[in-house]
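Engineer: Residue numbers (our numbering), protein chains in the order written: chain A, 8 to 480; chain B, 515 to 681.
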């Protein structure tokens with residue numbers, strides 16, 4: 008008789024989902040799925056709204072990465088307006104997105120994943136959380152809080168709100184940066200550097216303890232996609248997408264927002280509200296790919312900032328070609344935080360950063376527009392069609408978590424097959440299966456544009472559908 | 515140990531789109547106006563209490579947490595001391611309670627406010643709409659006055675909280 012294991016809810020994620028593991032009659036893992044169990048429907052209820060409302064509306068998709076939604080949406084609107092935003096507005100937006108990257112990555116690394124990394128995958132779940140981290144290594148907890156505060160405060164200084172700022176608008180931003188705010192941000196940099204240095208040094212010391220997890224945490228060949236600049240350095244707010252294969256060969260290059268739907272399709276599966284993105288020429292599921300920090304570091308030839316460039320060179324030594332194990336998302340996230348801090352410093356020292364010209368204005372000049380940006384967890388694509396009055400007729404959002412969806416499912420299956428033997432599992436094993444998903448830092452609210460609580464749940468199901476065991480936290 | 519940055523921190527929590535959940539932000543906005551000229555009072559209002567707030571708490575001499583209470587009689591106003599505790603498991607990464615935040619302040623910064631109080635107003639409805647229910651509206655004057663007097667006592671250093679306030 009076969010069985011199914013269900014993890015429900017899966018914990019320490021941005022959203023609500025569950026994992027089911029199907030066992031065959033011999034107790035071996037036959038299949039596994041990561042289900043996203045919430046739905047919301049932003050694409051539908053935005054129909055009929057004026058296009059210039061879209062950035063503010065779309066930012067509400069998420070409380071963690073609203074800035075990336077703002078930016079992708081604003082860029083789609085600017086395509087409809089056919090305007091190019093002022094240089095300073097572009098720099099300020101870049102800084103806003105990097106500040107969000109820092110605070111979101113800090114949340115993922117310190118609050119969600121460091122309990123596993125510091126205390127161990129087998130640690131008692133009663134202490135395997137942020138309080139356990141605080142008790143064992145308070146300086147790590149303080150570093151995480153410090154980096155979160157750094158990113159959030161920059162967002163607040165720029166946009167007047169920590170979450171869901173309305174500062175980014177089609178055409179640019181509503182207000183220029185003041186000298187006082189710039190100086191306040193500059194004063195925050197030394198502590199941010201110290202905090203990320205502490206985290207990177209600590210992570211590199213302990214990563215070697217996780218060789219077994221590195222082997223089976225979504226460690227397989229796949230395509231990778233992310234934004235890069237013309238000089239092949241990492242990009243988050245502008246640039247074009249590049250798709251590489253698992254050997255590092257360029258599969259598709261220069262994918263701007265208008266070309267996105269030519270090359271990327273979306274499949275659906277009956278067990279999840281999140282769609283499954285794929286590279287059209289290879290079809291689904293063969294064309295599945297990964298996005299986010301791991302993909303971006305695999306694709307970029309440089310970070311464009313000196314300290315992060317040294318870290319990137321070290322990161323690329325982890326493999327002969329692209330780094331394939333998703334465990335290394337953690338490492339990539341820390342390198343991106345360092346890059347974010349450095350790049351913010353560079354932008355703040357830009358002699359034009361206080362320029363008052365930060366917004367271009369125009370009406371509807373095209374009836375269709377698309378925009379893209381990198382969210383902390385990967386590429387974000389917004390695509391709108393409007394009528395002559397600028398009212399939204401159709402909208403489509405392709406979200407990072409949807410683009411990582413197939414890899415997350417394959418990763419869960421890989422880990423479950425490795426760890427679950429003879430139908431037997433322990434809490435530590437289930438935590439490892441959850442931890443595979445956590446490496447991707449998925450945002451389930453984003454991926455379904457959904458509304459709901461945060462927990463995710465694991466179920467053991469027999470071949471005839473009987474639920475044999477379930478872990479619900 | 516964190517340096518003291520406020521003698522009294524008012525830390526409110528709530529979502530104004532969930533009816534009576536908005537009472538914390540409402541009272542926080544009132545307090546911000548009432549104590550606008552008082553540099554020793556700091557007001558922070560969030561939709562959720564997150565771990566970052568542990569640093570602000572650790573740097574305060576006293577703290578008044580403001581929230582609605584879903585399991586209390588609608589409109590009932592309560593003020594009681596709150597102690598560190600309630601270390602939540604893995605789910606609690608986005609939302610902490612007052613006791614958990616105090617625990618985190620102690621663990622991370624080795625510092626706790628001298629007095630920590632939780633002022634709650636029983637929620638009548640938490641539906642998806644703006645505005646407050648009639649029960650909570652009627653309780654606002656009492657809650658507002660209690661908050662004001664509490665802050666004044668904390669600033670005057672005359673507070674003693676052996677008896678919780680219940681109404």
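Beta carbons are placed, not taken as given, at the ideal position from N, Cα and C, and that holds for glycine.
Here the structure is a predicted model, which is why all the values come from computation and not from measurement.
Return the first residue and the last residue of the alpha helix (DSSP H) that residue 592(B) is part of.
Structural biologist: Note, residue 592(B): premise wrong, no alpha helix (DSSP H); beta strand (DSSP E) at 591 to 595.
Engineer: DSSP state of residue 107(A), grouped into three classes?
Structural biologist: Helix.
Engineer: Just verifying my parser: in three-state terms, what is the DSSP assignment at residue 214(A)?
Structural biologist: Helix, per DSSP.
Engineer: Locate the beta strand (DSSP E) running through residue 254(A), then write down its first and last residues.
Structural biologist: Where residue 254(A) is concerned, there is no enclosing beta strand (DSSP E), given that its DSSP letter is neither H nor E.
Engineer: Indicate the three-state DSSP secondary structure (helix, strand or coil) for residue 386(A) in the structure shown.
Structural biologist: If DSSP states are grouped into helix, strand and coil, residue 386(A) belongs with the strands.
Engineer: Across which residues does DSSP place residue 183(A) in a beta bridge pair?
Structural biologist: Per DSSP, none; premise fails for residue 183(A).
Engineer: On a Cα-Cα basis, can you pick out the residue from 248(A), 104(A), 87(A), 160(A) that is closest to residue 72(A)?
Structural biologist: Nearest C-alpha to residue 72(A): 104(A).
Engineer: Nearest CA to the CA of residue 614(B): which residue from 230(A), 139(A), 173(A), 77(A)?
Structural biologist: Of the listed residues, the one whose Cα sits closest to residue 614(B) is 139(A).
Engineer: So residue 155(A) contacts chain B; which residues on that side make the cut at Cβ distance below 7 Å?
Structural biologist: Near residue 155(A) (Cβ distances below 7 Å), the residues of chain B are 566.
Engineer: Below 8 Å on the Cβ atoms is my contact criterion, and I expect residue 108(A) with residue 224(A) to pass it. Report the Cβ-Cβ distance as a whole number of Å.
Structural biologist: Actually they do not touch by this definition, with Cβ atoms about 22 Å apart.
Engineer: For the structure I just gave you, are there three or more beta carbon pairs, one from the region 583 to 600 of chain B and one from the region 631 to 647 of chain B, closer than 8 Å?
Structural biologist: As far as the Cβ criterion goes, the region 583 to 600 of chain B touches the region 631 to 647 of chain B, which means the pair count is three or higher.
Engineer: Using CA coordinates, which residue listed in 636(B), 617(B), 527(B) is at the minimum distance from residue 584(B)?
Structural biologist: Minimum Cα distance to residue 584(B) is reached at 636(B).
Engineer: Quick check on the DSSP output: the beta strand (DSSP E) that includes residue 403(A) runs from which residue to which?
Structural biologist: Per DSSP, residue 403(A) belongs to the beta strand (DSSP E) from 399 to 405.
Engineer: Any residues in the region 99 to 127 of chain A with a beta carbon nearer than 8 Å to a beta carbon of chain B? Which ones, in chain order?
Structural biologist: Taking 8 Å as the Cβ-Cβ cut-off against chain B, the residues of the region 99 to 127 of chain A that qualify are 114, 118, 119, 122.
Engineer: Can you find a C-beta in chain A that's less than 8 Å from the C-beta of residue 641(B)?
Structural biologist: Cβ-Cβ to chain A under 8 Å: no for residue 641(B).
Engineer: What are the boundary residues of the beta strand (DSSP E) that includes residue 233(A)?
Structural biologist: Start and end: 230 to 235.
Engineer: How close, in whole Å, do the beta carbons of residue 268(A) and residue 390(A) come, if the pair is a contact with beta carbons under 8 Å?
Structural biologist: That belief holds up - the Cβ atoms of residue 268(A) and residue 390(A) are roughly 7 Å apart, short of 8 Å.
Engineer: Looking only at C-alpha atoms, which of 383(A), 368(A), 393(A) sits nearest to residue 376(A)?
Structural biologist: The shortest C-alpha separation from residue 376(A) is found at 393(A).
Engineer: Can you pull the chain B residues whose beta carbon is under 8 Å from the beta carbon of residue 152(A), in chain order?
Structural biologist: By Cβ distance, chain B contributes 565, 566, 568, 569, 622.
Engineer: Assuming residue 264(A) and residue 388(A) are in contact, meaning their beta carbons sit under 8 Å apart, how far apart are those beta carbons, in whole angstroms?
Structural biologist: About 7 Å; that satisfies the 8 Å criterion.
Engineer: Whose C-alpha, out of 86(A), 29(A), 25(A), 36(A), is nearest the C-alpha of residue 368(A)?
Structural biologist: Nearest option by C-alpha distance: 86(A).
Engineer: What does the Cβ neighbour count give for residue 136(A), buried or exposed, with the cut at 16 atoms within 10 Å?
Structural biologist: With 16 or more Cβ atoms within 10 Å of its Cβ, residue 136(A) is classed as buried.
Engineer: How would you list, in chain order, the residues of chain C whose beta-carbon sits under 9 Å from the beta-carbon of residue 148(A)?
Structural biologist: The question asks about chain C, but that chain is absent: this structure's protein chains are A and B.
Engineer: In whole angstroms, what separates the C-alpha of residue 331(A) from that of residue 306(A)?
Structural biologist: Taking the straight line from one Cα to the other gives about 12 Å.
Engineer: By the three-class DSSP mapping on this structure, what secondary structure does residue 664(B) have?
Structural biologist: DSSP places residue 664(B) in helix when its eight states are reduced to three.
Engineer: Just to check my reading of the structure: residue 423(A) and residue 36(A) have Cβ atoms closer than 8 Å, yes? What is that Cβ distance to the nearest angstrom?
Structural biologist: With 8 Å as the limit, residue 423(A) and residue 36(A) qualify as a contact, their Cβ atoms being about 5 Å apart.
Engineer: What is the rounded straight-line gap between the Cα of residue 81(A) and the Cα of residue 66(A)?
Structural biologist: Near 10 Å, if we compare the C-alpha coordinates of residue 66(A) and residue 81(A).
Engineer: Candidates 96(A), 12(A), 441(A), 132(A): which alpha carbon is nearest residue 484(A)'s?
Structural biologist: An answer regarding residue 484(A) cannot be provided, because it is not within the stretch 8 to 480 covered by chain A.
Engineer: I need the DSSP call for residue 57(A), collapsed to helix, strand or coil.
Structural biologist: Looking at residue 57(A) - three-state DSSP - the assignment turns out to be strand.
Engineer: Can you list, in chain order, the residues of its chain with a C-beta nearer than 8 Å to that of residue 309(A)? Leave out the 5 residues immediately preceding and following it.
Structural biologist: For residue 309(A), where only same-chain residues beyond five positions count, the Cβ hits under 8 Å are 238, 239, 240, 241, 316, 319.
Engineer: To the nearest angstrom, how far is it from the Cα of residue 304(A) to the Cα of residue 668(B)?
Structural biologist: Looking at the two C-alpha atoms, the distance is approximately 52 Å.
Engineer: Would DSSP call residue 295(A) helix, strand or coil?
Structural biologist: Residue 295(A) falls in the coil class under three-state DSSP.
Engineer: Hey, which unbroken runs of the alpha helix (DSSP H) at 4 residues or more fall wholly within the region 61 to 127 of chain A?
Structural biologist: As far as the region 61 to 127 of chain A is concerned, its whole alpha helix (DSSP H) runs of at least 4 residues are 61 to 66, 73 to 88, 94 to 113, 121 to 126.
Engineer: Based on the DSSP secondary-structure assignment, which residues constitute the bridge partners of residue 40(A)?
Structural biologist: DSSP output for residue 40(A) lists 27(A) as bridge partner(s).
Engineer: Measuring only the C-alpha atoms, how far is residue 587(B) from residue 540(B)?
Structural biologist: Straight-line Cα distance between these residues: approximately 19 Å.
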